[in-house]
Each structure stands twice: as structure tokens, then as C-alpha cells.
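**Q**
In my numbering, the protein residues as written are 170 to 250.
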């Protein structure tokens, strides 16, 4: 009889910083690039006003602040201790 299967744990590998999420923040910021490009194109073609670029930049800044805030919580739940 074979031993029961054990579930794999999500243990970070030794060579991955911060449990393997070191580049996650940069990836999330990179996801904002298409939005910025679309905003610039819409303003350049006259479809949207200049304020649209401001909104896109503020969205990117807010994403950066959220990602920075999430990486500083000492324990779970996003609380800073």
C-alpha cells in the first residue's frame, strides 16, 4: 500500500526575495503602460481632453502607492505593526 499523498506547501524558494513577489509591483505598474499610451493617443487625436492624461497618471501613481504600502506590512492582513 502506498503512503497517502501530501499536499504541497507554498514555501518560497531560497533564492526568491520576499517570498517570490519581488517583481510583482513592477509588473502591476507595467500593466498601466497601455492605459497611458491609450490616453496619449486619445488626447493627440482630439477625442479626449488633456485632463484624461492627468487621470491616467494619477491612476498609475495610486497603483504604485498601493503596491508600496502592501509590501511594508509586517504580518498578514496588510496591517503595519
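The beta-carbon is built from N, C-alpha and C at its ideal position, and this holds for glycine as well.
For a test of the three-state rule: what should DSSP assign to residue 230, helix, strand or coil?
**A** In the chain shown, counting from the first residue as 1, residue 230 sits at position 61. Helix, per DSSP.
**Q** Could you check what DSSP says for residue 219 in three-state terms: helix, strand or coil?
**A** Taking the chain shown and counting its residues from 1, the one referred to as residue 219 is at position 50. Coil, per DSSP.
**Q** Residue 225 and residue 204 - do their beta-carbons sit closer together than 9 Å?
**A** Taking the chain shown and counting its residues from 1, the one referred to as residue 204 is at position 35. Taking the chain shown and counting its residues from 1, the one referred to as residue 225 is at position 56. In contact: residue 204 and residue 225 (Cβ atoms closer than 9 Å).
**Q** Given a threshold of 16 other Cβ atoms within 10 Å of its Cβ, counted over all protein chains shown, does residue 199 qualify as buried or as exposed?
**A** As a working mapping, residue 199 is identified with position 30 in the chain shown. That one is exposed.
**Q** So the alpha helix (DSSP H) residue 194 belongs to, where does it begin and stop?
**A** Position 25 of the chain shown, counted from the start, is the residue given in the question as residue 194. It spans 193 to 199 - the alpha helix (DSSP H) in which residue 194 sits, taken as one unbroken run.
**Q** Roughly how many whole angstroms lie between the Cα atoms of residue 236 and residue 197?
**A** For the purposes of this step, residue 236 is taken as residue 67 along the chain shown, with counting starting at 1. For the purposes of this step, residue 197 is taken as residue 28 along the chain shown, with counting starting at 1. Spanning the two alpha carbons is a distance of roughly 8 Å.
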